[in-house]
Structure formats: C-alpha cells, structure tokens
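Residue numbers (the working numbering), protein chains in the order written: chain E, 69 to 347; chain Y, 25 to 329; chain F, 35 to 383. First comes the structure, then the notes that go with it.
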Amino acid sequence: MDDSIFRLEKVSFSYPGHGLSLRDVSFSARRGERLAILGANGTGKSTLLHLMDGLYFAHGGSITAFGELLSPERLERPPFGPRFRREVGFLFQNSDAQLFCPSVEEELAFGPLQMDWTKQEVLRRISDTLDLLGIQSLRDRQPHNLSAGEKKKVALASLLVLSPSVLLLDEPTAGLDPRSQGNLLELLDELHGRGMTLVTATHDLELLPHLADRVLVFGEDHRIAADGPTAAVLDDAELLLRVNLIHAHRHWHGGVAHSHPHQHIVTHGHDHIAGEHEH
Amino acid sequence: MGPLPDWMVIGRSELPLPLQQRRGAWSLARKGLGEIIGKAAILLGPGVNDSHGWLTRLDARAKVLGILGLLLTTTWVRGILTLLFSLCAAWALALIGGVNVRRMALALLAVPLFTLALAAPAALNLVTEGTPLWILCHLGGGTWGPWHLPEYLAITDRGVFVAMRFTLRSLACVSFGALLAASGSPQDLLRGLRGLGVPAAFVMVAGMMARYLSLLLESAEQIHLAKLSRSIGGVGVRLEQGWAAAGIGELYRRSRRLAEEVTEAMVSRGYTGETRTMAAQRWCGRDILFVSACAALVTFLLGID
Amino acid sequence: MHIPDGYLGPQTCLAAFGIMAPVWAWASRKVRNTLRLRQVPLMALGAAFTFVVMMFNVPIPGGTTGHAVGAVLVSVLLGPWAAVVAVTVALAVQALIFGDGGITVFAANCLNMAVIMPFAGWWTFRLIAAGSPASSQRRWVAAALGGYVGLNAGALSAALMFGIQPALAHDAAGRALYCPFALDVALPAMVLEHLLVFGVVEALVTGLVVAYLSRSEPALLEGGMPAAAPRGRMPLWKKLALGLGILVLLAPLGLVLPAKLGASEAWGEWGGERVRELAGYIPAGMRKVEALWRAPMPDYAPMGSEEATLPVLSFWYVLSGLLGAAMVTGLLIAARRLITRREADGPAP
C-alpha cells in the first residue's frame, strides 16, 4: 500500500533572474516519517519546502501530494485547496513574516476563519492550542513585543490550530535560546508520537538525530547527494565534507594546534562528529 | 586565504586622520535617529496597556462614536466660550477616564503651537478688518505690488477674536483626537471602526500596517545606525542626502521582500483573497451610558453656542 | 501639507468626503484586481513605508532638515491607484492611532496627498519617462520632476481649500469661523513655500530613491510603469481625448483675450443689432431669418447670463465646449455604426 504523502519526480526550479535552485529532485515522503533536508546554505532547502507547500511551482518535473498533482489551479479550488492548506502546515524561518496579525489571538484565528468554521469552534481550538503550548498569557499580546522563542511558539500554534497531518519546518531552531530549542524539540517529538509527519530543513548536524530518522543530503550542485538513515549519513565524513557541511580548519585544543573535520555548535564547544586526530 | 597585506597592521595607522569635522552633519544624523526612535516609542511603548481607566476598557465602538461626536461638534460650534468648554470637556474626560494624560499632552506640542503662530498674523488689520485695538506701527498707505498698504499696522478687535477662536478650536480638536488615540490600543480602535461599518479590507490593511510599522522603524534605525557607525560627520549635505535616499531605498527593498513572505504565510494557511474576521462583541450597559453621556454633552455644547 | 482639524469648515470636509468615497471604492477595486493575493500585505507595507518616509529627516543646505510626503515615490514604485490606498491608510493610522492629524479633515487630506499628489506626479513621471529602460537616467529625473509637480499640485489644492474658508464660513459679523486667511494670502503663501522649498525636498527624495533602486534592484521599479512601452503606444482615441480636453479647458481664453485687448467680435459675425449700429438699418432678409431660430445657449451661456461675471461665463464656455465635443463625437460614432452595419448587411461576396 502506498502511504506516501509527497512524491517528487525530477523536480527542477529556478528563481527568475537567478540560476537553478533545485535540480532533478526525486523522492517520496511517507506518512508518519521524520524526514530531514540537509544542506549548506543556498542549496535549495527552503525552496524545496516552498515547493512542497504549493507556494512555488516546479518548472520541471512534478510534485504529488495526497495523491493529487500540486498545481495552481488545483490549489485554488475546493475541495483539494482548503484540504491541502489544512493538512500541511509550514513553519517559516522568519517568524516575523509568519505573524502578521495584530494580536496572538487573531493570529491563531486566521487559519480557522479561512476554513469557514463556526466562531465557537474557532475559540475552542484557540484556547486548546494555547493550553497545549503553555502560552495562554500571550493571548492578547502584540507580535512585535514577543521574544524569539515566544514568536516561534505562537507561529507553531497558528499552524497546529488547524490540526495538520504534515509539518514542514524551515530551520526551526535557528535563533532560539537553548531552553526554547529544547521545548520545541520535545513538542515535535510528542507530535510525531501522535502520527505527525515531519519534514525539517536544516544545516545543523547536532540537531539531526533529534529531528529525523531519514536524511536527504543536498550538495552545492543543487542535487540530492544522498538519501538514507540519519546514523549512516552522519557517519559518512567524506560525504559531509564534500557537500560543505563540515570543515577542517586550524584550531586549538588540548594545547596543540591541529586541523580535522568538525562542525561548530552554539555553545562553542567541539563535538567531533567524525575523524581521528593525533596530538 | 593568503597572508595579510602589510598595511593591515593592527594598532598602527600610517595614513593621517581628517582634521576637520563638520559638526552640523553629525548632530543632524543623530537628531534624525532620535526622532524615529521617539515616534517608535509612542507606538510600541506602554501607552494604553498601562492605563487601567474605565475609558480604555469600554467597547471600541462606543469610544469612537462618543469621542468622534464631540470632535465633530467642536468643529461645528462658533462661540469662544463653547470652544473653551469643549476643550475642558476633552481633558476632563481624559482625567476621569484614566487615560495616559502625559501621552496626550505630547500631542499638544506640535499642532496647537503651529496654529497659534499661524493665527497671530490673522489678528492684524492686514488680514482681518475691524476697529484697531493696538496700533503697532505706521505704514503710510501706498501700494506694494498688487497689495494696498493701510495707514498703520494694528491689531483689530475682530482680528483678536478670529485668532482666538481659531487657536481654541485647534486646541480642542487636537485634544479630542489625542484622547481617541490614547483611549485604546491600535487594534482595539481598528476593531471599533470595523464594528461601525468601515470595510473589512481597509481594517485588515491598517491592522497589518500597524503591526509592521514597528518592524520597519527598527529596520530604518538599523540602516541609520549602520551609516552612523561609519561616518565621522562632515561629508557635506549632498552625500548625506544620498545616504538618506539610500536608506529609504533599502527600506523599500526590505518591505517588498517582507510583503512577499507575508503573502506566502497567508496563502499557506488558506488565504484565498477574502477578508474574514470574527464578529464583534455586544454592547454592554457601560458603553451605552458613555455614548449617551457624550450625546448629552454634544447637545449642551450646541445649546450654549 | 497635513491639514489639522479646525482649519476647514464642514462644507469643505463633507465635499471632500463626497469626492473621496467613489475614489476609494475605485482604488480598492483596481488594487484588488491587479494585486490579488498580494494586495493586503503589499498595501500594508506600502502604507507603513509611506509613514516612515513622512517621518524621515532629509538634510537640506543650511543645516536643517526637511520632510517629504513620499506620495509620488509610492506611485512611481507601486502605481497610482496603489498609492491612493497606501497613503490613505498611512494618513488614517497617523490620525487615529497617533492622534497626529485631522480626523474631520481626513478626506480633504486624502484628496490632496493621496489623490492629487500621486496622480499629478505619476502623470508627469510617465510623460517624461515613457519608453525609457528601467535603469536610465531619464527615469529618476522624471521621478524627481514628478515629485516636484505632484507636491505643488497637492499644495495648490490645499491652499485653495484654506483660501475659500473665510468666504464660505463666517458668522453674522463676518468673522471667519475656520482658517482666517483668504485666497489672496493663502494661495501665494502656500504655493510659494512649496515651489521654493518643500517641492525641492520632495523632488530630491523621490529622484534619489528611484536612482538608488535603479542601481540596486531595477526590477522593483516595474510597479509604477508597465514594462517599457515604446513611444506612441498610447491609443489614438486617448491622445485625441487628451488634446480635446486641453482645448476645451483653454476655451475661456476666447473670453479673456478679447476683453483684455479691447477687441470686439469677429468681422462679419454680426447679429441684427450690430448691423443696425454699423449700417443704420437691418436688411429685410436678415430680419426674416433672425426670427426663425432661438438658440438655447446664445453666446455659449444660458439665456439671461449676459451680465454675468467673467468666471461664470468661463464656466459656461467650458461646459459648452464639453457639450459640443460630446455631441459631435456622439454623432460621429452613431454615423460610423450605421455605415458599418450597412456594409455588413450589404450584398454577400
């Protein structure tokens, strides 16, 4: 039985005036999967999520979601249009673009109002979602006064209020303090446990095991360089070096200067993902 | 990466520093920044959320109706006493209603002073004819271009009356305008407008504008700071103007980019072009009481006029 | 150029509101049709941008700063109808939420800054820049000139609004109720300061910003002008209408010039009375024909207006011009329809 939600066949895309952003991308995402899209900056991760959410449309190839081809005409009309919008939630990297209503309550109400639900239903969902994320106190606040972590929570809440089955996340932990990061990861874990399909775009190798079971690695040539389980990808130092996800530069530790492949994480410590070294 | 060039030696500068520093441009830039931040503070600042007065807690429609009614009456009446009364009514409402009076007072600094400056010449016999009260100087008649000069320059009784009425009216109107602005948060007031029949699309655009205004002001501040941190003042007006224009241009680019992203965010959550908002709250006793009180005040003002 | 409350009387405010209501409706319709899904965020950010431009301190020679309105800039960047919406919203938020600007005079301010200014500026811009590539020098020069013309057009309108107040609204004793300065003061004062100072600031801001954008991201300049249309693309009927319109507006010159130069009517175009003056009698044939037809609008003004003042006569002159042009155009269109239908119904090939 085919339980793939998304199916991409040889998808290519380029921004007008710029070169190719994605080249011959083919893969499918199954229901309940935790998929990561891994790649250095500029390799087209964000673009891919936009394509999967029906905000951009492929120039070459095709994208099928829930068995239907994603095209502007199909997304404009019921029943597929509203259904798709409800089922798929996209968490933007820029929370300021995602929170465009004057207050948190109105922000959460936006999606349900588009779905033409009754006022009681809308209010009930808003209350429940605020409770779920523990942000009832933010209900009447204005978005520009919130901290980065609070903004992320409100943004996520505004998606969850529609009870989607798929979440597309664009660098969800970028710019968040450690506690907020932790909260977010726990929440995503919980949602996944309840059957949510997660597709996360990131370049953070440290977070990868917490976010995904399967990884699509994008190279700087805008193609898929690898597609496999997280552990296997993280072990392949040669691959990671080739696609510019880890580097080797001269640095100090243990009182000696040396160089070997590694990646820096937020706390400025070192985590040796792979490779040996000698003092 | 290659080796550092020999002139890039830290701590030792071979080339001389500029001796002259045109003071004007430096303080100009800082002043521009200050004003932007000032305006931002008013919009983003505590303001309404701080005040717990009963006026701010009324339904927005009641506030808008009542205060607008009083404002319209103030533009209609003609007696100086009536206008004085109206002015006092505005401030009385502010004080007993628990509104942020300091914020209101700030609004009085600009327009009324300007009106006074404008009204002063109106008191002269050059502008308003009438019985002279106080002769300032003699002009001796004659002509100057297409204009005829009178015998003397004086302040007339009608002139004083007109100037006073003009200034008082401006003061009273501005007070009511400031009262309305201070009586609710931006989205509260917009919701009130919506409830009174203003098209939903307009309210949505205005609401989103208010939401993003602070972001744009921060962007403007950042752009300004970036220029400031690299300027030593004294580059001349031409270049300063170029920088101001570049700042505005950069702001526009960011605005366009943001607008595209917001459109995507809206579409992603099901937006198909129709504006949908939640239905307004009901009127409660206090709101009706307030509107009735304002109506009574309006009648009173019209009566004593 | 923002007019505060209390400067304009109720008639002016209501008249402005009456004019603006259909303009707003039309503008929002235009914007909805062209921008579709992007309309709300783009207008919101356009309004916010306009607001910030209004606040920006522009350094001017002399060590001080000036302010620009930015309405023409917005119309060059987003199109004039979008500018109507953006400037309106900016003014509304300024008045309502900042308490910084007239609420009763809102429609009047919108008329000056959200309609007259962007359209006057945009038409000037299009006139000069039509057909030029996006990053050419002509574009930003055109934008600067557009800013100058637009601001002065708006200032003229505002000055007119001020100047008619004493005549329009005064109490029993003849004292002005609102703005106390009549046209002879308001007009020169406002127009001069905008021609000499504020207009230059506006031109500067508009031109420099367009120049900056044409260097950094020319694609952003497409909004105000659909992709460089080659010269002469304006449909013929539009050109004709424009020409006719200008001629109709200039028609009162036919009243003013002869009065100024002391000339009498054209030689030979005499009525019975004039002939009797010249020759001493009216020929019999002339007398018979004269009685045949009573013109509804003799001398281009309704009967009984012989003693009317020059402005009133000019008004009727212009109206007659419009009426005449409309009738001729109508007749020609009807004739064309008739002829082409005849041909269509003609013998089959």
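Heads up, the beta-carbon is just placed ideally off N, CA and C, and yes, glycines get one too.
Just tell me which of the options has its CA closest to the CA of residue i.
i       : options                            : result
R209(E) : T197(E), V222(E), L200(E), L201(E) : V222(E)
I179(Y) : L192(Y), A143(Y), Q211(Y)          : A143(Y)
Q45(F)  : L76(F), P345(F), L130(F), Y212(F)  : Y212(F)
A359(F) : L276(F), M35(F), L247(F)           : L276(F)
V108(F) : D83(Y), L325(Y), S279(Y), V322(Y)  : S279(Y)
M299(Y) : A319(Y), Q265(Y), E284(Y), V227(Y) : First, the amino acid is wrong: residue 299(Y) is Thr here, not Met. Checked all of A319(Y), Q265(Y), E284(Y), V227(Y); the closest Cα to T299(Y) is V227(Y).
F51(F)  : A142(F), V219(F), A81(F), D39(F)   : A142(F)
H86(E)  : G112(E), I314(E), R142(E), P211(E) : G112(E)
L347(F) : L356(F), A335(F), L357(F), G355(F) : A335(F)
F85(F)  : A201(F), A55(F), T363(F), G104(F)  : G104(F)
E264(Y) : H36(F), M54(F), G165(F), T98(F)    : T98(F)
S231(E) : F74(E), I292(E), E189(E), H127(E)  : E189(E)
R306(Y) : L325(Y), H248(Y), L220(Y)          : L220(Y)
K251(Y) : A268(Y), Y236(Y), R235(Y)          : A268(Y)
P95(F)  : F232(F), A49(F), W304(F)           : F232(F)
V219(F) : A237(F), L194(F), A203(F), A206(F) : L194(F)
Once DSSP output is grouped into helix, strand and coil, what is the label at residue i?
i       : result
I367(F) : helix
F185(Y) : helix
P222(F) : helix
D257(E) : helix
Y176(Y) : strand
R328(F) : coil
D83(Y)  : coil
H204(F) : strand
C213(F) : coil
D238(E) : strand
L308(E) : helix
E256(F) : helix
L204(Y) : helix
H315(E) : strand
V123(Y) : coil
C308(Y) : coil
V334(E) : The predicted position of V334(E) is uncertain, since its pLDDT is 39 and thus under 50; no value can be drawn from it.
D329(Y) : coil
R277(Y) : helix
A108(E) : coil
P44(F)  : helix
D208(E) : coil
P93(F)  : strand
S72(E)  : strand
A147(Y) : coil
R300(Y) : coil
A234(Y) : helix
T99(F)  : strand
So, under 8 Å CB-CB, residue i and residue j are touching, yes? Tell me the CB distance rounded to an integer number of Å.
i       : j       : result
L192(Y) : I104(Y) : 6 Å
V172(E) : L206(E) : 5 Å
S250(F) : G271(Y) : Actually they are not in contact, since the Cβ atoms of S250(F) and G271(Y) sit about 12 Å apart, beyond 8 Å.
A104(E) : T241(E) : A104(E) to T241(E), Cβ: 12 Å. No contact.
R182(Y) : E153(Y) : 7 Å
A225(E) : E285(Y) : Not really, about 19 Å apart at Cβ, beyond 8 Å.
L195(Y) : L111(Y) : 6 Å
A147(Y) : A187(Y) : 4 Å
L90(E)  : T115(E) : 6 Å
W75(F)  : T287(Y) : Residue identity differs from the one stated: residue 75(F) is Pro in this sequence, not Trp. Going by Cβ atoms, the distance from P75(F) to T287(Y) rounds to 5 Å, so yes, they are a contact pair.
R102(E) : L279(E) : 7 Å
A192(F) : I53(F)  : With a Cβ gap of about 14 Å, A192(F) and I53(F) do not count as contacting.
V183(F) : A164(F) : Going by Cβ atoms, the distance from V183(F) to A164(F) rounds to 15 Å, so no, they are not a contact pair.
Could you check whether the region 179-192 of chain F touches the region 151-162 of chain F, counting it as contact only if at least three pairs of C-beta atoms, one from each stretch, sit closer than 8 Å?
yes
Quick one: any contact between the region 147-167 of chain E and the region 191-204 of chain E, if contact means 3 or more CB pairs under 8 Å?
no
Whole runs of the alpha helix (DSSP H) within the region 128-174 of chain E, excluding any shorter than 4 residues:
Qualifying alpha helix (DSSP H) stretches, in chain order: 140-144, 148-155, 163-166.
Contact the region 108-121 of chain F vs the region 80-95 of chain F: 3+ CB pairs below 8 Å
yes
Quick test of the definition: if touching needs 3 or more C-beta pairs under 8 Å, does the region 268-287 of chain E touch the region 296-306 of chain E?
yes
Would you say the region 167-174 of chain F touches the region 196-216 of chain F, given that touching needs at least three Cβ pairs under 8 Å?
no
For the region 198-205 of chain Y against the region 132-140 of chain F, are there 3 or more C-beta pairs whose distance is under 8 Å?
yes
Would you call the region 212-219 of chain Y in contact with the region 116-135 of chain Y, where contact means no fewer than 3 C-beta pairs closer than 8 Å?
no
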